[in-house]
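For reference, the structure is listed below as structure tokens.
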Amino acid sequence: ITMKEALKFSIVGEDDEVYEVSIERDTDDLGNLQALCACGHAKDGDFCWHRFEVLEGETANMVSDNLDDVHALRDWIKGSDTEVAMQKLSKAKTELKIAHERVEQCRKLLVRRMLD
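In structure tokens, the structure reads:
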């Protein structure tokens, strides 16, 4: 029998609704995490900020009384498939930021050239 452990957090969304985010793992497969949220986007299988906030340790919108569980979650993430995916996302975000900065530099250069 597979047992599940869960850490649950209440997050206030942009619509001022409170959503429950649950991070679960099988006790016999600690490297695989499942992140669930009660919001409509997550239920539809779409991107959901609430889950990302919890996974990234953001507590600004957290209204549950278990902020200490955020530290436990960090330990759960270490060595998991979620950690690998989060690292890839972080790298892509950095690359995107650099690309945006390059585009802005090119725009400024173009403006200067148009005024020459």
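All the letters of the sequence shown, read from the start, carry residue numbers 440 to 555 under the numbering used here. We put the CB at the ideal spot given by N, CA and C, even for glycine.
Q) Where does D485 fall in DSSP's three states? A) What you label residue 485 is simply residue 46 of the sequence shown in a count that begins at 1. Assignment of D485 by DSSP, reduced to helix, strand and coil, places it in the coil class.
> What whole-angstrom Cβ distance do E463 and E444 have, given they're in contact under 8 Å?
Replying inline: Position 24 of the sequence shown, counted from the start, is the residue given in the question as residue 463. Position 5 of the sequence shown, counted from the start, is the residue given in the question as residue 444. With a contact defined as Cβ atoms closer than 8 Å, E463 and E444 qualify at about 7 Å.
Given E495 as reference, the closest of G479, I516, N505, D468 once Cα atoms are compared: Walking along the sequence shown from the start, residue 495 turns up at place 56. Measuring from the Cα of E495, the nearest candidate turns out to be I516.
message = Could you check whether the region 456 to 474 touches the region 515 to 530, counting it as contact only if at least three pairs of C-beta atoms, one from each stretch, sit closer than 8 Å?
response = Yes, the region 456 to 474 touches the region 515 to 530.
Tell me the residue span of the alpha helix (DSSP H) that contains L535. Residue 535 sits at position 96 when you count from the first residue of the sequence shown. Taken as a continuous stretch (DSSP letters only), the alpha helix (DSSP H) holding L535 covers 520 to 554.
TODO: Within its chain, find whatever has a CB closer than 8 Å to the CB of A511; leave out the 5 residues flanking it on each side and keep chain order.
DONE: Locating residue 511 in the sequence shown gives position 72, counting from the first residue. Here the set comprises L446.
Checklist entry - Considering D468, what are the terminal residues of the beta strand (DSSP E) in which it resides? => result Taking the sequence shown and counting its residues from 1, one reaches residue 468 at position 29. Membership of D468 in the beta strand (DSSP E) is indicated by the continuous run 468 to 476.
- Message: Which same chain residues end up closer than 6 Å to H480 when comparing Cβ atoms and leaving out the 5 residues on each side of it in sequence?
- Response: By one-based count along the sequence shown, residue 480 stands at place 41. If the five residues before and after H480 are omitted, its C-beta is found closer than 6 Å to the C-beta atoms of C487, all from its own chain and listed in chain order.
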